[in-house]
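Counting with our numbering, you get residues 70 to 300 for the letters of the sequence shown. All C-beta atoms in this analysis are idealised placements derived from N, C-alpha and C, irrespective of residue type, glycine included. Nothing here was measured: the structure is a model prediction, and the numbers come from that model. Down below is the structure, laid out as structure tokens.
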Amino acid sequence: MSDVKLAPSILAADFARLGQQVAEAAQAGADRIHVDVMDGHFVPNLSMGPAIVQSLRRVTDLPLETHLMVTDPDLFLDEFSAAGSDSLLVHYEGNANLHRTVQRIRTLGKRAGVVINPATPAAVLEEIVQDVDQVLVMTVNPGFGHQQFIGTTLPKIRRVRELIERLKPGCEVEVDGGIDAATAPLVVRAGATAGSAIFGDRDGIAAAMQRLRTAVSHVEDEAQLAGRSAR
Ligand code: DX5
Ligand code: ZN
């Protein structure tokens, strides 16, 4: 059983066949489904709302993680929670009351995560990491799929991992954007345990999952040889 979790983002899915595609990802061993919510303000793109989560909830048992790229996430927490989101990931940027937002997510009984953009330093997590289950490090600027991985995020992933080991061991480090067979081993080496990619791959969902699993398994083997877990 791998320590590395894969959370395919449905942003690249074929929405006319969404249920079928998610079933395919589940069959291929996806650990959860990443739902990208964009409001056209926080990021220059529009995507999906709670109705998609509600529909997916009926057809999959996989955890649905909801990445809220919206100006005021507080407005939507209850609705996504009711629709069936298992975790709610909110950005550090632009949130004047992040602690309140995180507490609200916890009150709703959901897993809480904080997301940091490429230009945001790891140190901002210091006072919030104790309250969350997961940190999501953006490895591209949020807003679009199929962007190129930003290499300068690698040392930051390492710093996030160190901060978590010190303050909240067990909190998960996830990465988002530009993750493929070439970049996945790099982020796993840097300390990430989850990533999103997969849908929209030319070779199909199962092949893309397999390619990523194979790419990170080498890192896990190295880590085992070195006598530690691949975190
Ligand atoms: C970017 C989204 C990502 C995106 C990743 O704003 O948050 O989840 O879907 O897409 P890829 O894997 O194509 O970079
Ligand atoms: Zn995302």
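Spatial neighbours of residue i within its chain, please: C-beta separation below 8 Å, excluding the five flanking residues on both sides.
i           : result
residue 227 : 259 and 260
residue 175 : 181 and 200
residue 232 : 191, 192, 194, 195 and 198
residue 92  : 128 and 129
Near residue i, what residues of its chain come up, given a Cβ to Cβ distance below 7 Å and the 5 sequence neighbours on each side ignored?
i           : result
residue 288 : 254, 257, 258 and 299
residue 77  : 94, 99, 102, 103, 265, 266, 267 and 268
Can you list, in chain order, the residues of its chain whose CB lies under 6 Å from that of residue i, leaving out five sequence neighbours each side?
i           : result
residue 270 : 277
residue 132 : 101 and 155
residue 111 : 138, 139 and 140
residue 217 : 247
Where do the N-terminal and C-terminal ends of the beta strand (DSSP E) with residue i fall, by residue?
i           : result
residue 216 : Per DSSP, residue 216 belongs to no beta strand (DSSP E) and is neither H nor E.
residue 103 : 102-107
residue 157 : 156-160
residue 241 : 241-245
With DSSP run on the structure shown, which of helix, strand or coil describes residue i?
i           : result
residue 283 : helix
residue 182 : strand
residue 116 : coil
residue 225 : helix
residue 256 : helix
residue 147 : helix
residue 78  : strand
residue 209 : coil
residue 231 : helix
residue 274 : helix
residue 290 : helix
residue 130 : coil
residue 93  : helix
residue 122 : helix
residue 204 : strand
State the Cα-Cα distance for the pair residue i and residue j, rounded to the nearest angstrom.
i           : j           : result
residue 219 : residue 194 : 20 Å
residue 272 : residue 279 : 11 Å
residue 152 : residue 234 : 33 Å
residue 179 : residue 221 : 31 Å
residue 229 : residue 191 : 6 Å
residue 19  : residue 106 : Outside the displayed range of the chain (70 to 300) lies residue 19, so it cannot be described from this structure.
residue 188 : residue 205 : 13 Å
residue 162 : residue 83  : 30 Å
residue 236 : residue 173 : 21 Å
residue 286 : residue 249 : 13 Å
Starting from residue i, trace the alpha helix (DSSP H) both ways and give me its first and last residue.
i           : result
residue 167 : 167-176
residue 139 : Neither: residue 139 is in no alpha helix (DSSP H) and is coded neither H nor E.
- Task: Name all residues in chain order for which at least one heavy atom of ligand 3 lies closer than 5 Å to the residue's CB.
- Result: What this structure holds is ligand 1 and ligand 2, not ligand 3.
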